[in-house]
Every structure is written in structure tokens, then in C-alpha cells.
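What follows is one structure encoded as C-alpha cells, with my remarks underneath.
In the working numbering, the protein residues as written are 10 to 185.
See below:
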């Protein structure tokens, strides 16, 4: 039997190719962009935690173009912006409808990834993720409609109660 080192097993992709294609389509809904601009915007949106390489962006763009979802704009020069097609617009609308399924897939992948971590590293990782989630909530609070405030306030109060229990439990464990 052949020995295998951990270096021979590829690391999981930080962002799955399918998600990268969805992100590109979403960006092109708003404006025409070059591959380099797409990379910069995605890096900024990830708070510089992920810098998509040209080796992932351009194959994704080629695939989207082959499927008729985007097209290169006729511009002279080296950098050619891409534009979303009507077919691409329709595809994005269908993606929005499938959001719930995609969210569940992300949640499942997250849970499985968590199971690969050492138990002593999980809490630190989860607290960092929670910090990012809270930042995201604060950044998106302006998108709430007036009717949503009460529902979200109730949900946040419920989460706060869980945080209070967690804090109490951590404090008790620390004193034992």
C-alpha cells in the first residue's frame, strides 16, 4: 500500500467555484467589470481575508461566458470589462429564489468543517465568526424595513439570553 502525506491531499477551496460564479454574476448585475476589478471588489467584501487569484477568476468568467450568462464588452486595450446578459439576469433571479437551499448547504459545510478542528480551537474560531456576524448585522441594519424591527429585536434578545448563559457558564468554569 502506498504511503500518503497530508501534503498530497488538496486543501478545501476557501470559496467553492460555484459560489465564486454566483458572486461574479451578482457583481455584474450592478456594473460592467474587468476580472481584476472583480478580484479587488471580492477581496474588499471579504475584509481582505480572501484574495481570489486570477487562476480562479478567469476560468469562472470563461465558464459563465460559455454558458451565455456574461459577455466581454468590445473595448480596445488589454482589459476588457464583462457584462451580464439577459440570460444571466434571469439566472441571478433564480439564484435569489434558491437562497434558502444555498444557506443550508453553507451551514452544513460549516458544521462539517468545525468537526475537523481540535476541540480546544473550536470556541476561539466560533467567537471570531460571531464577531464577523455581528459586524455584518450592524452593516446591514439599514436594509431593514420598519415592520421588521420588532421581529429582529425579539430574535436578538433571544440570542442575547444565550450569550448571557454562555458568559455565566464560562465564568463558572473559570472559577472551579
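Using N, Cα and C, we set each Cβ at its ideal position, and we do this for glycine too.
Q: Take every Cβ of the stretch 102-109, pair it with every Cβ of the stretch 56-70, and state whether three or more of those distances are shorter than 8 Å.
A: no
(Q) I need the DSSP call for residue 58, collapsed to helix, strand or coil. (A) coil
Q) Can you check whether the CB of residue 69 is closer than 8 Å to the CB of residue 82? A) no
Q: Could you say if the stretch 32-49 and the stretch 92-105 meet the contact criterion of at least three C-beta pairs nearer than 8 Å?
A: yes
Q. Going by beta carbon distance, what residues of the same chain come within less than 8 Å of residue 74, once the five residues before and after it are set aside?
A. 80, 81, 91
Q | Identified DSSP bridge partners for residue 70 | A | Paired residue(s): none; residue 70 is not in a bridge.
Q: Assign residue 42 to one of three DSSP states: helix, strand, or coil.
A: strand
Q) Hey, out of 34, 175, 181, 126, whose CA is closest to residue 76's CA? A) 34
Q | Beta-carbon spacing of residue 30, residue 71 below 8 Å | A | no
**Q.** For residue 91, the residue or residues it bridges with in DSSP
**A.** 42, 81
Q: State the DSSP-derived secondary structure class of residue 111, mapped to helix, strand or coil.
A: helix
**Q.** Pair within 8 Å by beta-carbon distance, residue 126 and residue 119
**A.** no
Q | Of the listed residues 113, 78, 88, 117, nearest to residue 102 (C-alpha basis) | A | 78
Q) Are there 16 or more other CB atoms within 10 angstroms of the CB of residue 47, so buried, or fewer, so exposed? A) buried
Q: Kindly indicate which three-state DSSP category residue 122 falls into: helix, strand or coil?
A: helix
Q: Consult DSSP for residue 154 and reduce its assignment to one of helix, strand or coil.
A: coil
Q. Grouping DSSP H, G and I as helix and E and B as strand, with all else coil, what is residue 31?
A. helix
Q) Considering residue 76, what are the terminal residues of the alpha helix (DSSP H) in which it resides? A) Note, residue 76: premise wrong, no alpha helix (DSSP H); not H, not E.
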